[in-house]
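Asks: Got a structure for you, written out below as structure tokens; questions coming shortly.
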Amino acid sequence: MTKSRKVELLYNKARGQGMNATPQELKELARYMVGNGEGNYATKRNISAYVTAVDQGSHRSFYDWCIDNGRGDRRRKGGSAKEIREDEKTMSFAAIFMGWLAWGIAIYWILHGSVPAGECAVAGAVVSLVIYKLKREWAGITLFILPIVLAVIFGR
């Protein structure tokens, strides 16, 4: 399949439009992690650059790749590189702020209080930032629900 065909199909998928692809094409497109409804980032130029990045070995999702590289649809509000970077900085700070509490408590409970609470809070902030950077779409689960579940399971 040609790159232009890949870009066209992935663009349609990101825009929430139907994909008229054969089973072989769908199999080949499976390695490109472009989700439905990513319209704020989906331009043919961005998808083309993403396809090139995946072909060169990137394993990031399209959303994460766009955020990491400051790529968006400049025609939309918040789509410029500057606004994307500012928003990412704000979200990273929010992840750290939420993580020092949720992950800090979870780490403290998992270690049964053998490590001082302050060190657990710092470790929680670091853990939450790393997890947030790995998979931004799952931030609600990984920053709030996961530490609670782990604290309940391993904190007994």
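The sequence shown begins at 730 in the numbering used here and counts up one residue at a time. Just so you know, even glycine gets a beta-carbon here, dropped at the ideal spot from N, CA and C.
1) When the Cα atoms are used, what is the spatial distance from A759 to F822?
2) Does DSSP put G869 in a helix, in a strand, or in coil?
3) Using the C-alpha atoms, what's the distance from M730 back to N741?
4) Express the C-alpha separation of A880 and R800 in angstroms, rounding to a whole number.
5) Write down the C-beta distance between A743 and I776 rounded to the nearest angstrom, noting that I regard them as a contact closer than 8 Å.
6) Within 10 Å of its beta-carbon, does V859 have 16 or more other beta-carbons around it, so buried, or fewer, so exposed?
7) Is it true that the segment 823-836 meets the segment 801-811, where meeting means three or more beta-carbon pairs spaced less than 8 Å apart?
8) Could you check the C-alpha separation between G853 and H841 for me, to the nearest Å?
Replies: Judging by the given coordinates:
1) Taking the first residue of the sequence shown as position 1, residue 759 is located at position 30. Taking the first residue of the sequence shown as position 1, residue 822 is located at position 93. Rounded to the nearest whole angstrom, the CA to CA distance from A759 to F822 is 33 Å.
2) In the sequence shown, residue 869 corresponds to position 140, counting from 1. If DSSP states are grouped into helix, strand and coil, G869 belongs with the helices.
3) Residue mapping note: residue 741 aligns to position 12 of the sequence shown, counting from 1. Residue mapping note: residue 730 aligns to position 1 of the sequence shown, counting from 1. About 16 Å.
4) Residue 800 sits at position 71 when you count from the first residue of the sequence shown. Residue 880 sits at position 151 when you count from the first residue of the sequence shown. Distance between the alpha carbons of R800 and A880 is about 37 Å.
5) Position 14 of the sequence shown, counted from the start, is the residue given in the question as residue 743. Position 47 of the sequence shown, counted from the start, is the residue given in the question as residue 776. Approximately 7 Å separates the beta-carbon atoms of A743 and I776; this is inside 8 Å, confirming the contact.
6) Position 130 of the sequence shown, counted from the start, is the residue given in the question as residue 859. With fewer than 16 other Cβ atoms within 10 Å, it is exposed.
7) No, the segment 823-836 is not in contact with the segment 801-811.
8) The count along the sequence shown starts at 1 and reaches residue 853 at position 124. The count along the sequence shown starts at 1 and reaches residue 841 at position 112. G853 and H841: Cα-Cα distance of roughly 15 Å.
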